[in-house]
Amino acid sequence: MRPTSRRAPSRAQLPSVLLAVKAAVLGAVLALTVTTGVNAAGTTAAPDARPPVLTMDPSAQVVQQVMSQHNCSPTGFAPGTQPDSALVRTTRGHLRVVTFDRGWDVFTGRRPGLLVAVCLGRP
């Protein structure tokens, strides 16, 4: 008995095979999209009538204001740019603009607190 072997599709059949694969993927995406909009009871989830509201707590607003005033960045600056100061949160929760060296000491753990950002403005 001779084993049967599967032949790869010929070049003429390749566009038809690709079309079938694309159709299957599109069908799966559509099915997933439709089923995610249906809850367990089988009814469509009602959209929230109110638009979402973006609010910022007061302490975050203060941080943003200080960062803007002192030209601060929480991720640093371009290579070769030396910050002059740092924004630090003390252990009591106060926000302070300090020298870069003091901010570095907070970052490395030699001083207590939390380094929030480095700044180009003077302390």
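Just so we're aligned: the sequence shown equals residues -40 to -1, 1 to 83 in mature numbering (1 follows the signal peptide of the UniProt record, and there is no 0).
No residue lacks a Cβ here, since even glycine has one placed at the ideal position from N, Cα and C.
For clarity, every value in this text was computed on a predicted model and none was experimentally measured.
Check, Outcome
"Length-filtered (3 minimum) beta strand (DSSP E) runs lying within the region 32 to 58", "45 to 49"
"Check whether Ser45 and Cys79 have beta carbons under 8 Å apart", "yes"
"Pair within 8 Å by beta-carbon distance, Leu47 and Val66", "no"
"Endpoints, the alpha helix (DSSP H) within which Ala20 is located", "Pro18 to Gln29"
"Exposed unless 16 or more other CB atoms sit within 10 angstroms - verdict on Leu74", "exposed"
"Element boundaries [beta strand (DSSP E), containing Ala77]", "Leu74 to Cys79"
"Contacting residues, own chain, Cβ-Cβ under 6 Å from Thr35 (five flanking each side not counted)", "none"
"Same chain only: Cβ atoms within 7 Å of residue 91, ignoring 5 sequence neighbours per side", "For residue 91 there is no data in the structure shown, the boundaries of the chain being -40 and 83."
"Sequence-distant residues of the same chain with beta carbon closer than 7 Å to Pro72, five excluded per side", "Thr51"
"Host alpha helix (DSSP H) of Arg62 (start-end)", "Phe60 to Thr68"
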